[in-house]
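Numbering-wise (our numbering), the sequence shown opens with residue 342 and increments by one. Every residue, glycine too, gets a C-beta built ideally from N, C-alpha and C. Structure first, then comments.
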Amino acid sequence: WGRVYAWAWEDEPAGRIRARAFPGRGDGIDEDEATGAAALLLTDRLGRALNITQGSGSQILTAPQPGGWTEVGGRVHLER
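See the structure below:
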């Protein structure tokens, strides 16, 4: 399968997490810079708003909403 989404609390009371994602798709992309889908699943699992730093500096913000919805937003660090 090869997919890994590793995360750890930076500041649990504040909801700050550090994460890295390795999709293992075999397409030459070893690490995903910002993975909104994984952030949504983690938010659902933990049941709280999160501020996730992923990759080399991307930020993903999530917040559970009524009706099973989750808001997601943020910024991606683009390497040139």
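For residue i, which residues from the same chain have a beta carbon less than 6 Å from its beta carbon, with the 5 sequence-adjacent residues on both sides left out?
{"i": "residue 373", "result": "362 and 364"}
{"i": "residue 349", "result": "359"}
Are the Cβ atoms of residue i and residue j separated by less than 8 Å?
{"i": "residue 390", "j": "residue 376", "result": "no"}
{"i": "residue 381", "j": "residue 413", "result": "yes"}
{"i": "residue 418", "j": "residue 388", "result": "no"}
{"i": "residue 357", "j": "residue 392", "result": "yes"}
{"i": "residue 371", "j": "residue 411", "result": "no"}
Which term fits residue i, buried or exposed, when burial requires 16 or more other beta carbons within 10 angstroms of its beta carbon?
{"i": "residue 406", "result": "exposed"}
{"i": "residue 347", "result": "exposed"}
{"i": "residue 378", "result": "exposed"}
{"i": "residue 342", "result": "Its pLDDT being 49, under 50, residue 342 is placed unreliably in this model, and the value from its coordinates should be taken loosely. Exposed."}
Note the first and the last residue of the continuous beta strand (DSSP E) segment covering residue i.
{"i": "residue 415", "result": "411-416"}
{"i": "residue 349", "result": "345-352"}
For the alpha helix (DSSP H) containing residue i, name the first residue and the last one.
{"i": "residue 403", "result": "No alpha helix (DSSP H) holds residue 403; the beta strand (DSSP E) holding it covers 399-405."}
{"i": "residue 419", "result": "First-last for residue 419: undefined, no H or E at that position."}
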